[in-house]
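Data first, discussion second: the structure below is written as structure tokens.
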Amino acid sequence: VGAAAPEDYHTYDEVLAAVAEAEEAHPDLVSSQVIGQSDEGRDIFAVKVSANVDTDEDEPEVLFTHNQHAREHLTAEMALYTLGELTSQYGGDAEVTELLDSREVWLIPSVNPDGKVYDQESGEFQMWRKNRQPNEGSSSVGTDLNRNWAYEWGCCGGSSGSPGGETYRGSGPESGTETQVVADFVRGRVVDGEQQITAHIDFHTYSELVLWPYGYTYDQTGPGLTEDDAAAFEALGTAMAETNGYTPQQSSDLYITDGGINDWAWADQGIFSFTFEMYPRSQADGGFYPPGDVIDRETSRNREAVLTLLSYADCAYRAAGLEG
Ligand code: 0X9
Ligand code: CA
Ligand code: ZN
Numbered sequence: 107v108g109a110a111a112p113e114d115y116h117t118y119d120e121v122l123a124a125v126a127e128a129e130e131a132h133p134d135l136v137s138s139q140v141i142g143q144s145d146e147g148r149d150i151f152a153v154k155v156s157a158n159v160d161t162d163e164d165e166p167e168v169l170f171t172h173n174q175h176a177r178e179h180l181t182a183e184m185a186l187y188t189l190g191e192l193t194s195q196y197g198g199d200a201e202v203t204e205l206l207d208s209r210e211v212w213l214i215p216s217v218n219p220d221g222k223v224y225d226q227e228s229g230e231f232q233m234w235r236k237n238r239q240p241n242e243g244s245s246s247v248g249t250d251l252n253r254n255w256a257y258e259w260g261c262c263g264g265s266s267g268s269p270g271g272e273t274y275r276g277s278g279p280e281s282g283t284e285t286q287v288v289a290d291f292v293r294g295r296v297v298d299g300e301q302q303i304t305a306h307i308d309f310h311t312y313s314e315l316v317l318w319p320y321g322y323t324y325d326q327t328g329p330g331l332t333e334d335d336a337a338a339f340e341a342l343g344t345a346m347a348e349t350n351g352y353t354p355q356q357s358s359d360l361y362i363t364d365g366g367i368n369d370w371a372w373a374d375q376g377i378f379s380f381t382f383e384m385y386p387r388s389q390a391d392g393g394f395y396p397p398g399d400v401i402d403r404e405t406s407r408n409r410e411a412v413l414t415l416l417s418y419a420d421c422a423y424r425a426a427g428l429e430g
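If you're matching positions, the sequence shown starts at 107 in UniProt numbering and goes up one per residue.
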């Protein structure tokens, strides 16, 4: 297996350009908007994909977030794959057409643009995970955005309190500039008191896993997570994993995290929120930097899983034979 070179993956600017191109080619289906700025001032953008994209129709909304972790470049490729697949298959493929006629998709291709640029654009990969926000009173840079969400933040030994730590949780919940931008965007999808986003995947690498809440506890149920909720998470997670060959499990079965996005999205916003850990399964196949020639295979591998989530976005409980 050859190692990846930084140019094997789209840069942040190239991601922006690809989104602009899709928007230009499919103005009826694609609309992107800047939702805020990163710590270093780069635009964080969300791309809406739906029929009648310029109208906020009363349809279930599904969110896909990518690249919270800087070095997980395959996840930004995943966003571009989904964008390309949805736009090119609309009007041709019956399933895609029906889903875009009845759902509103939001893609955030890079939650952590500063980290992505830092990791990719110096000539060689930097093995960087966190954002690039300075920490007061420390020379160590960066917050682990996936320990910075505002639910049970820092509760349970699933993050680091040291600015130099790889899983540094930040100085407080949503202290990470990018966490706050994305959290505000999600809260902004509450219309007439109802969160429009019903389902979510946060894409990471690597290990080939489908994960669901809670991450902060080993318990299968918990505050705001009933037995029916847990059954729906497991059924939908397992259904998606059957399509891509990943291993489905509760997040904490991997390891405990606190301040992760899925726990917040579920507990605070009622969103059926999953983490996908993409290719490879192990370090031997490239770890965070698999060679660029796997990108097509490993993004299209998630086609059915993405469509499965979209199809259950009206009622995730249906996946478990329950009508929530
Ligand atoms: O640790 C993370 O944030 C994710 N893994 S990664 O290697 N991409 O950093 C996993 C988060 C899933 N949540 C739990 N395992 N609790
Ligand atoms: Ca629509
Ligand atoms: Zn990650």
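All C-beta atoms, glycine included, are put in the ideal place defined by N, C-alpha and C.
- Burial state of glycine 264 is buried, judged by a 10 Å Cβ sphere holding 16 or more other Cβ atoms.
- Around the beta carbon of valine 168, a 10 Å sphere encloses 16 or more other beta carbons of the protein chains shown; the residue is thus reported as buried.
- Straight through space, the alpha carbons of methionine 346 and threonine 414 are spaced by roughly 6 angstroms.
- Each residue's CA atom was taken as its position, placing valine 297 and tryptophan 212 some 16 angstroms apart.
- Counting only heavy atoms of ligand 2, the residues whose C-beta sits closer than 6 angstroms to one of them are, along the chain, Ser156, Ala157, Asn158, Glu163, Glu165 and Glu210.
- Linking glycine 198 to valine 155 through their CA atoms gives a straight-line distance of about 16 angstroms.
- Taking a cut-off of 8 angstroms on C-beta distances, the stretch 242–253 does not touch the stretch 182–191, as fewer than three cross pairs fall below it.
- Between ligand 3 and arginine 409, a heavy atom-to-CB distance of less than 8 angstroms is absent.
- DSSP places methionine 384 inside the beta strand (DSSP E), whose first and last residues are 378–384.
- When secondary structure is reduced to three states using DSSP, glutamine 195 falls in the helix class.
- Looking at the backbone, the Cα of lysine 236 and that of glycine 365 are separated by about 14 angstroms.
- Inter-residue distance for histidine 306 and valine 412 is about 10 angstroms (C-alpha atoms, whole angstroms).
- Taking asparagine 158 as the centre and dropping the five residues before and after it, the same chain places the C-beta of Asp134 closer than 8 angstroms to its C-beta, in chain order.
- Note that the stretch 361–379 touches the stretch 302–317; at least 3 beta-carbon pairs, one per stretch, sit closer than 8 angstroms.
- Residue state for threonine 249 is assigned as coil, using DSSP reduced to three classes.
- Secondary structure within the stretch 157–243: the alpha helix (DSSP H) runs of 4 or more consecutive residues, fully enclosed, are 180–195, 200–208 and 219–226 (chain order).
- Alanine 176 is not a Cβ neighbour of glycine 147, given a cutoff of 9 angstroms.
- Spatial neighbours of phenylalanine 170 in its own chain (CB-CB distance under 6 angstroms, excluding positions within 5 residues in sequence) are listed in chain order as Leu213 and Ile307.
- For alanine 152, the pairing in a beta bridge is given by DSSP as Gln139.
- Judged by DSSP in its simplified three-state form, glutamate 146 adopts coil rather than helix or strand.
- Annotated three-state conformation of glutamine 375 is helix, per DSSP.
- Under DSSP, glutamine 356 takes part in a beta bridge, and its partners are Trp318.
- Nearest C-alpha to isoleucine 150 among Glu284, Gln389 and Tyr395: Glu284.
- With a threshold of 16 other beta carbon atoms within 10 Å, threonine 332 falls short and is exposed.
- In the structure shown, the three-state DSSP call for glycine 328 is strand.
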